[in-house]
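Scroll down for the structure; my scribbles are underneath it.
There are 2 protein chains.
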Amino acid sequence: MDLSLYNKIFENRLRLQIMSILMANEFYDFSSLKELLDATDGNLASNLKTLEKEGYLTVEKSFVDRKPNTRYMKTDKGRKAFENHLIALENLIKQQYK
Amino acid sequence: MDLSLYNKIFENRLRLQIMSILMANEFYDFSSLKELLDATDGNLASNLKTLEKEGYLTVEKSFVDRKPNTRYMKTDKGRKAFENHLIALENLIKQQYK
Numbered sequence: 441m442d443l444s445l446y447n448k449i450f451e452n453r454l455r456l457q458i459m460s461i462l463m464a465n466e467f468y469d470f471s472s473l474k475e476l477l478d479a480t481d482g483n484l485a486s487n488l489k490t491l492e493k494e495g496y497l498t499v500e501k502s503f504v505d506r507k508p509n510t511r512y513m514k515t516d517k518g519r520k521a522f523e524n525h526l527i528a529l530e531n532l533i534k535q536q537y538k
Numbered sequence: 441m442d443l444s445l446y447n448k449i450f451e452n453r454l455r456l457q458i459m460s461i462l463m464a465n466e467f468y469d470f471s472s473l474k475e476l477l478d479a480t481d482g483n484l485a486s487n488l489k490t491l492e493k494e495g496y497l498t499v500e501k502s503f504v505d506r507k508p509n510t511r512y513m514k515t516d517k518g519r520k521a522f523e524n525h526l527i528a529l530e531n532l533i534k535q536q537y538k
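Chains P and G supply the protein sequences, listed in that same order.
This note's numbering applies: residue 441 is where the first sequence begins, and numbers increase by one.
This note's numbering applies: residue 441 is where the second sequence begins, and numbers increase by one.
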């Protein structure tokens with residue numbers, strides 16, 4: 441069973457979901473992520489920070505209508521890491537139906 | 441993105457692997473799991489205990505050639521939980537290729 445591409449950073453469900461959203465969207469802002477994932481501010485911020493520290497996403501802070509707006513984008517490193525993780529998950533699933 | 445079946449018990453890679461092995465085999469003993477997964481005694485035992493406490497596997501202790509032998513079997517509850525978790529992972533993967 442080859443799970444060498446399994447990535448501990450993506451073990452957490454919320455991080456898995458954040459990354460999945462960032463794969464499908466060029467960027468996503470904090471409030472929209474929060475709403476979509478039904479997460480608390482603290483839990484979401486902490487997991488975004490983990491992904492940022494790992495170099496999997498970048499943060500862009502700006503003002504929209506004078507209100508602070510924080511949005512997130514995946515990096516190339518993040519995209520590659522997530523794709524690899526999905527390969528590991530696919531291998532695991534295939535294993536079950538052999 | 442429906443990850444409602446995502447199961448935090450299976451977030452851990454080692455627990456995912458243990459359960460995957462127990463899905464494919466009627467039973468598996470501690471030493472063989474250890475060898476196959478290249479895990480330490482402590483880490484393996486601790487994660488097996490988590491799965492046992494959750495009711496996902498049962499433990500059977502016996503003697504083989506006068507040596508203690510501990511083997512593990514999935515329960516119906518464990519099988520069902522793991523199948524559901526795989527559905528969640530499949531949904532996540534499909535989402536990526538939409």
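From the three backbone atoms N, C-alpha and C, an ideal C-beta is built for every residue, glycine too.
- Interface residue (Cβ-Cβ distance to chain G less than 8 Å): N483 (chain P) is not classified as such.
- DSSP, read as helix, strand or coil, puts F503 (chain G) in strand.
- In this structure, the beta-carbon distance from T490 (chain G) to T515 (chain G) does not fall below 8 Å.
- Collapsing the DSSP output to three states places N452 (chain G) in coil.
- At least one CB atom of chain G sits nearer than 8 Å to the CB of I533 (chain P).
- Note that the C-beta distance between L532 (chain G) and L456 (chain P) is below 8 Å.
- In the three-state reduction of the DSSP assignment, T480 (chain P) falls in the coil class, being assigned neither a helical nor a strand state.
- Burial is judged here by how many other beta carbons sit within 10 angstroms of a residue's own beta carbon; A464 (chain G) has fewer than 16 and is exposed.
- Between the region 467-474 of chain P and the region 506-515 of chain P there are three or more C-beta pairs closer than 8 Å, enough to call the two in contact.
- Boundaries of the alpha helix (DSSP H) around F522 (chain P): D516 to Q536.
- With contacts defined by Cβ atoms closer than 8 Å, L445 (chain G) and A528 (chain G) form a contacting pair.
- Separation of D481 (chain G) and A521 (chain P) (C-alpha to C-alpha, rounded to the nearest whole angstrom) is 29 Å.
- With respect to chain P, the C-beta atom of K448 (chain G) has a partner C-beta closer than 8 Å.
- By the C-beta density criterion, Y537 (chain P) is exposed, having fewer than 16 other C-beta atoms within 10 angstroms.
- Secondary structure at L497 (chain P): strand, using DSSP grouped into helix, strand and coil.
- For a cut-off of 8 Å, the C-beta gap from L488 (chain G) to L477 (chain G) is around 11 Å, too long to register as a contact.
- Shown in chain order are the members of the region 504-537 of chain G whose Cβ falls below 7 Å from a Cβ of chain P: L526, L529, E530, L532, I533, Q535 and Q536.
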